[in-house]
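Beneath this line is the structure, given in structure tokens, with notes to follow.
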Amino acid sequence: MSGGAVHIDAARLEQILLGLSGDDGDFEPRPQGIEQPLHTVYVPADQARDGIVEHWRAGALDAAAAVGGLDGVADCIGVADDRRGEVVARAEEKLARQPVEDLRFDFEDGYGYRDDEEEDACAERAGALAGQLIRAEDGPDRIGLRMKPLDRRGSRRGVRTLERFLGAYLAAAGAEPVSALTGLRITLAKVMTGAQVEAMGEICGALEDGHGLAPESLGIELQIEVPHVVAPIRPSDALVVLAGAPRVRALHFGTYDYTSAQGVLPGEQRSTHPVAQHAKRAMQAAAAVHGVEVCDGSSNLVPAGDRSMRVGAWARHAEQVREALRDGIPQGWDLHPAQLPSRFLASYDVLRGELAHAVRRVRAAERGAAAGDGAEVLDEPATLRMLGAFLARGVRTGAVDPDELGPGLELPRLEQLAETGS
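Residues 1 to 422 (the UniProt record's numbering) make up the sequence shown, in order.
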């Protein structure tokens with residue numbers, strides 16, 4: 001035995017390390033969701049009509065009026081007194097400016113199976129309306145459709161609907177196809193196998209070729225509703241494999257199909273149920289590997305009826321919104337205009353509730369302060385990335401004004417912090 005350092009032969013070391021090169025050997029935790037919408041609104045495709053954004057805005061305000069306006073809803077869902085005024089004012093401004101951030105016309109469960117002529121016409125009408133809305137001043141930033149699954153019954157009808165929707169969308173979107181495609185989303189329901197995702201990629205490729213679009217300009221979202229995708233029977237069907245497929249932009253959770261398949265009692269089916277939480281943690285892990293988004297599912301409790309029914313539905317919805325945000329899922333589904341007040345109020349409540357503490361931590365890190373010398377927490381680069389992303393998201397969603405953060409924490413700087421951790 002000899003003392004001192006022993007140097008491994010360079011050629012031998014190179015051979016050992018050769019198999020570690022590539023993406024699988026590199027990891028830096030990078031927060032997602034800075035530009036992700038707070039919600040996605042799902043509307044049955046046969047309800048695709050002019051004035052849909054105004055319909056949702058008016059429906060939200062009418063529902064809130066039943067309890068005295070947005071301030072009354074804020075009281076129902078427990079927004080803290082010390083920030084209620086600011087949260088309510090921002091929710092009011094949001095509803096006036098852009099009540100729907102992300103919109104899907106649903107040709108799956110919300111629409112069902114109809115004769116081909118009827119669905120063809122509906123697809124073309126919805127596609128044309130989507131193309132108009134993506135250009136509207138108060139329209140959504142993202143828009144698209146949920147098509148039928150690529151299973152025995154739905155595959156051909158689903159593709160036919162997509163063909164007609166996309167053609168009408170591109171015609172109506174006008175002379176700026178690049179920006180229109182940036183906002184377009186195609187959601188594939190009831191994903192069961194990697195083969196379905198691969199086939200969907202080929203379908204999108206054929207449509208791109210036919211319309212003269214750039215390769216991979218059509219992005220897809222996968223709806224996770226089938227238990228054997230979360231606990232795969234075959235490795236090729238695993239979530240981490242599906243999330244890494246070309247074109248995949250997001251994983252959306254299907255609350256009611258998934259919990260039903262797991263035997264959860266109807267009265268207990270909700271996005272916050274432990275069975276649902278387990279599935280979403282698996283989705284987050286898979287999404288983190290590939291940098292795709294995760295979106296929470298819906299609440300089927302509509303804030304309607306008498307006051308107690310409204311309050312209960314808003315409280316349940318707000319709980320779901322808050323829990324998802326705190327767990328790292330920044331987006332969820334809304335199915336009814338009356339859910340918009342609780343969506344925006346609860347989201348802004350969380351984003352503003354953490355604001356002052358997040359700013360102090362970033363300031364302390366930028367000073368290089370040590371614990372006991374002005375720093376509350378010794379933050380590592382990974383957490384600083386998340387702090388930067390959190391503050392940037394607050395600005396982008398309208399929860400926070402840029403000048404509230406003070407000099408040196410402008411949006412470009414926050415996005416840099418989210419990217420680099422320094």
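Think of the CB as a built atom: it goes at the ideal place given N, C-alpha and C, for glycine as much as any other residue.
Rounded C-alpha distance that separates residue i from residue j
{"i": "ALA245", "j": "ALA285", "result": "15 Å"}
{"i": "GLY4", "j": "ALA11", "result": "21 Å"}
{"i": "ARG413", "j": "GLY368", "result": "17 Å"}
{"i": "ALA282", "j": "ASP106", "result": "25 Å"}
{"i": "ALA171", "j": "VAL159", "result": "18 Å"}
{"i": "GLU366", "j": "GLN32", "result": "22 Å"}
{"i": "ALA91", "j": "LEU345", "result": "6 Å"}
{"i": "residue 504", "j": "GLU101", "result": "Coverage of the chain is limited to positions 1 through 422, which leaves residue 504 absent and any answer about it impossible."}
{"i": "ALA276", "j": "ARG104", "result": "22 Å"}
{"i": "ILE329", "j": "ILE8", "result": "46 Å"}
{"i": "GLY127", "j": "LEU20", "result": "46 Å"}
{"i": "ALA48", "j": "ARG146", "result": "13 Å"}
{"i": "GLY312", "j": "ILE186", "result": "33 Å"}
{"i": "GLU93", "j": "LEU409", "result": "23 Å"}
{"i": "PRO149", "j": "LEU13", "result": "49 Å"}
{"i": "ARG114", "j": "ASP46", "result": "11 Å"}
{"i": "GLY51", "j": "VAL362", "result": "43 Å"}
{"i": "VAL88", "j": "ASP75", "result": "10 Å"}
{"i": "VAL196", "j": "GLY68", "result": "Per the sequence shown, residue 196 should be read as Gln rather than Val. Cα-Cα distance, rounded: 49 Å."}
{"i": "ALA364", "j": "HIS357", "result": "11 Å"}
{"i": "ARG30", "j": "ALA66", "result": "43 Å"}
{"i": "THR420", "j": "LEU18", "result": "27 Å"}
{"i": "GLU268", "j": "HIS278", "result": "15 Å"}
{"i": "PRO274", "j": "ARG326", "result": "16 Å"}
{"i": "CYS257", "j": "ASP209", "result": "Residue identity differs from the one stated: residue 257 is Asp in this sequence, not Cys. The alpha-carbon atoms of ASP257 and ASP209 are separated by roughly 34 Å."}
{"i": "ASP71", "j": "THR182", "result": "36 Å"}
{"i": "LEU95", "j": "GLY112", "result": "30 Å"}
{"i": "VAL6", "j": "PRO407", "result": "52 Å"}
{"i": "THR259", "j": "ASP403", "result": "44 Å"}
Proximity below 9 Å, CB of residue i to CB of residue j
{"i": "PRO140", "j": "VAL53", "result": "yes"}
{"i": "ASP296", "j": "ALA324", "result": "yes"}
{"i": "ALA63", "j": "ARG310", "result": "yes"}
{"i": "GLY154", "j": "GLU108", "result": "yes"}
{"i": "LEU162", "j": "ILE203", "result": "yes"}
{"i": "LEU251", "j": "GLU319", "result": "no"}
{"i": "VAL229", "j": "VAL191", "result": "yes"}
{"i": "TYR227", "j": "GLN262", "result": "Residue 227 is actually Pro in this sequence, not Tyr. Cβ atoms of PRO227 and GLN262: closer than 9 Å."}
{"i": "LEU188", "j": "MET200", "result": "yes"}
{"i": "ALA168", "j": "ARG125", "result": "yes"}
{"i": "ALA243", "j": "LEU222", "result": "yes"}
{"i": "LEU384", "j": "SER422", "result": "yes"}
{"i": "VAL359", "j": "LEU405", "result": "yes"}
{"i": "ASP116", "j": "ARG157", "result": "yes"}
Own chain partners of residue i with C-beta closer than 6 Å, once the 5 adjacent residues on each side are dropped
{"i": "PRO337", "result": "TRP56, GLY59, ALA60"}
{"i": "HIS317", "result": "SER299, GLN339, SER342"}
{"i": "LYS280", "result": "PHE253"}
{"i": "ARG322", "result": "ALA346, VAL350"}
{"i": "VAL241", "result": "GLY194"}
{"i": "SER271", "result": "THR255, ASP296, GLY297, GLN320"}
{"i": "ALA130", "result": "ILE143, TYR169"}
{"i": "GLN132", "result": "ALA172"}
{"i": "ALA287", "result": "ALA243, LEU251, VAL294"}
Neighbourhood of residue i by C-beta, 7 Å cutoff - its chain only, sequence neighbours within 5 removed
{"i": "ILE34", "result": "ALA389, ALA392, ARG393, ARG396, GLU415, ALA418"}
{"i": "residue 482", "result": "Residue 482 is absent from the structure shown; the chain starts at 1 and stops at 422."}
{"i": "ILE16", "result": "none"}
{"i": "ASP138", "result": "VAL53, ARG97, GLN98"}
{"i": "LEU110", "result": "Residue identity check: residue 110 is Gly in the sequence provided, not Leu. Only TYR42, PRO44 meet the Cβ criterion."}
{"i": "GLU86", "result": "ARG352"}
{"i": "GLY291", "result": "ARG30, GLN32"}
{"i": "GLY174", "result": "ARG135"}
Own chain residues within Cβ distance below 8 Å of residue i, not counting five before or after
{"i": "ARG83", "result": "ASP349, ARG352, GLY353"}
{"i": "LEU207", "result": "LEU162, GLU163, LEU166, LEU213, LEU218"}
{"i": "VAL400", "result": "LEU351, ARG352, LEU355, LEU391, GLY394"}
{"i": "ASP198", "result": "It is worth fixing the name first, because residue 198 is Glu in this sequence and not Asp. So the list reads ALA245, once near-sequence residues are dropped."}
Residue-level contact to chain C via CB, residue i, 9 Å cutoff
{"i": "VAL43", "result": "Of the protein chains in the structure, only one exists, and it is not chain C."}
Count Cβ pairs between the region 339 to 350 and the region 71 to 81 that sit closer than 8 Å; are there 3 or more?
A contact exists between the region 339 to 350 and the region 71 to 81.
In chain order, which continuous runs of the alpha helix (DSSP H) of length 4 or greater are located wholly inside the region 62 to 131?
Here the runs fully enclosed are 70 to 76, 81 to 97.
What residue ranges within the region 364 to 406 form continuous alpha helix (DSSP H) runs of no fewer than 4 residues, ordered along the chain?
Runs of the alpha helix (DSSP H) spanning 4 or more residues and lying entirely within the region 364 to 406 occur at 381 to 397, in chain order.
Decide if the region 36 to 48 is in contact with the region 302 to 312; the criterion is three or more beta carbon pairs, one per stretch, under 8 Å apart.
Short answer: they don't touch.
Are the region 376 to 383 and the region 109 to 124 in contact at 8 Å, needing three or more beta carbon pairs?
Not touching, per the Cβ criterion.
Inter-stretch contact (C-beta, 8 Å, three-pair minimum) for the region 212 to 219 and the region 236 to 245
Taking 8 Å as the limit for Cβ pairs, the verdict is that the region 236 to 245 does not touch the region 212 to 219.
Please give the ranges of any alpha helix (DSSP H) in the region 231 to 318, keeping only runs that are unbroken, at least 4 residues long and fully inside the region.
239 to 243, 255 to 261, 274 to 290, all fully within the region 231 to 318.
Inside the region 23 to 58 only - alpha helix (DSSP H) runs reaching at least 4 residues:
DSSP runs (the alpha helix (DSSP H)) wholly in the region 23 to 58: none.
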